[in-house]
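One structure is given below, encoded as structure tokens.
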Amino acid sequence: MLILGIETSCDETSAAVVKDGREIVSNVILSQDTLHRHFGGVVPEIACRAHLESIIGIINNALSDAKLSLAEIDAIAVVNTPGLIGALLIGVTAAKTLCMALDVPLIAINHLHAHIYANNLEYGDIQYPAISLVVSGGHTILFLSESETKHIPLGWTIDDAAGEAFDKVSKILGLGYPGGPVIDKRARGGNQHAVPFPRSYLEKDSLDFSFSGLKTAVLYHYRGQDFKTHRKPPSDHEVADIAASFQEAVVDVLVDKTVLASRIYNARAVQTGGGVAANSRLRQRLKDKSKDLSIPVYCPPAKLCTDNAAMVAGLAYKKFLEGDISGLDVEAIP
Ligand code: KG4
Ligand code: ZN
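Going by this note's numbering, 985 is the number at position 251 of the sequence shown; the sequence numbering is gapless.
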């Protein structure tokens, strides 16, 4: 079965063809980073317009990379939630139009569940129950996963998402947008023990997250407590130390809470997804826990961590097998 997936929930326009939920036949991703960089974050109106301008070309590219015509597509999958409403609407409208014209089923997909499915694309079957950590620019959530399609939220961020914290700290340090990849890179040359930034664990055994205090701590460290101090710009070495110390504080909390959840729920596997799951330190620290926990820990390849439509088309196959087809009245839900 060939499914065409469409992803426009944030700032990547992507279309992909996946065969039988496993084989990525094509996966075309157009990042809008250069459009948003100047503003230090995603501007919804700009994202929406850019999706509109590129969606048809991206779908055509996904089909031509796959050497397929639209007539050979068996179903269309699209992310309808969560995301920026205007951005979601572009993908959902394109998908509905194709379904009507081709008379094929429409499968609406939850973006966060698709991020988790990136593990199935790469590794095949996962042992359930699994603990799934989804860490992206907009979300930080721990799920109890009972199958590829059933995910029960256990805890989430009460303020900033992990990726948002990376992006904001990068802005504070003058490293640009998006912040995750550049902090990851700069942190490699720094000392993670250089600055004792706070770790917010919230109440005992909580599976919720909070990153806004950490972000503020970096701001005060960088600009001085009184905020009026015009310190001379930190050296490259100091920036690397701040990046490494900040990253370690985020990773400590993400890893500790993921381990706690997997113990509480006797998980048989841990899996990750979302842009922040591309972080080299997080991947290394989670992989190190595999031995302690005596269960496999899966991290998708970086290209499948950030937003892409292959994860959408892949998950749609499982939903199709379960008869979970959407009507053409399905809505985009932010
Ligand atoms: O999943 P994603 O592509 O889009 C959303 O659904 O939000 O995630 C984007 C986020 C951005 O905040 C970006 O800074 C972060 O993922 N990110 C990283 C890394 N690569 C991307 N964060 C930390 N380390 C990375 N290597
Ligand atoms: Zn995402």
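Built from N, CA and C at the ideal position, the CB exists for glycine as well. Please read all numbers here as calculations on a predicted model, not as lab measurements.
{"Check": "In the DSSP assignment, the beta strand (DSSP E) including A842 goes from what residue to what residue?", "Outcome": "L840 to N844"}
{"Check": "Report, in whole angstroms, the separation of the C-beta atoms of L876 and G897, which I expect to be a contact under 8 Å.", "Outcome": "The pair is not a contact, with the Cβ atoms about 15 Å apart (cut-off 8 Å)."}
{"Check": "One question on the structure: do V1004 and V1031 come within less than 8 Å of each other, judged by their Cβ atoms?", "Outcome": "yes"}
{"Check": "For I793, report the span of its alpha helix (DSSP H) as first-last.", "Outcome": "P778 to D799"}
{"Check": "Which residues bound the beta strand (DSSP E) around L953?", "Outcome": "First-last for L953: S946 to R957, but that is the alpha helix (DSSP H), not the beta strand (DSSP E)."}
{"Check": "Rounding to the nearest angstrom, what Cα-Cα distance links L797 and G825 in this structure?", "Outcome": "16 Å"}
{"Check": "Where does Q1018 land, buried or exposed, given buried means 16+ other C-beta within 10 angstroms?", "Outcome": "exposed"}
{"Check": "Looking at the structure shown, is I850 part of a helix, part of a strand, or coil, going by DSSP?", "Outcome": "helix"}
{"Check": "Nearer than 7 Å: is that true of the beta carbon of C1033 relative to any heavy atom of the ligand ZN?", "Outcome": "no"}
{"Check": "Can you tell me whether K753 is helix, strand or coil according to DSSP?", "Outcome": "strand"}
{"Check": "I'd like the list of long-range same chain contacts for H885, defined as Cβ closer than 6 Å, with 5 residues on each side in sequence excluded.", "Outcome": "H847, F877 and S879"}
{"Check": "Can you tell me where the alpha helix (DSSP H) holding H770 begins and where it ends?", "Outcome": "D767 to H770"}
{"Check": "Along the alpha helix (DSSP H) that carries G1007, what are the first and last residues, could you check?", "Outcome": "Run containing G1007: none in the alpha helix (DSSP H); it sits in the beta strand (DSSP E), A1003 to G1007."}
{"Check": "Could you give the C-beta distance for V762 and A809, rounded to a whole number, given that I count them as a contact under 8 Å?", "Outcome": "Not a contact, Cβ separation roughly 18 Å."}
{"Check": "On the DSSP bridge assignment, give the partners of E741 in chain order.", "Outcome": "S748"}
{"Check": "Is the region 905-913 close to the region 760-779, with three or more CB pairs under 8 Å?", "Outcome": "yes"}
{"Check": "In terms of residues, what are the limits of the beta strand (DSSP E) holding L1102?", "Outcome": "No statement about residue 1102 is possible, as the shown extent of the chain runs from 735 to 1068 and does not include it."}
{"Check": "Relative to the alpha-carbon of S870, which residue among Q861, F900, I841 and P863 has its alpha-carbon at the smallest distance?", "Outcome": "F900"}
{"Check": "Kindly give me the distance between the Cβ atoms of A921 and A978, rounded to whole angstroms, as I take these residues to be in contact under 8 Å.", "Outcome": "4 Å"}
{"Check": "Identify every residue that forms a DSSP beta bridge with Y1032.", "Outcome": "Q1005"}
{"Check": "Let me know if N854 comes out buried or exposed under the rule of 16 or more other beta-carbons within 10 Å of its beta-carbon.", "Outcome": "buried"}
{"Check": "Is D970 near the ligand KG4, going by C-beta to nearest heavy atom under 7 Å?", "Outcome": "no"}
{"Check": "Look at the Cβ atom of K753, then the Cβ atom of L736, and state whether they are nearer than 8 Å.", "Outcome": "yes"}
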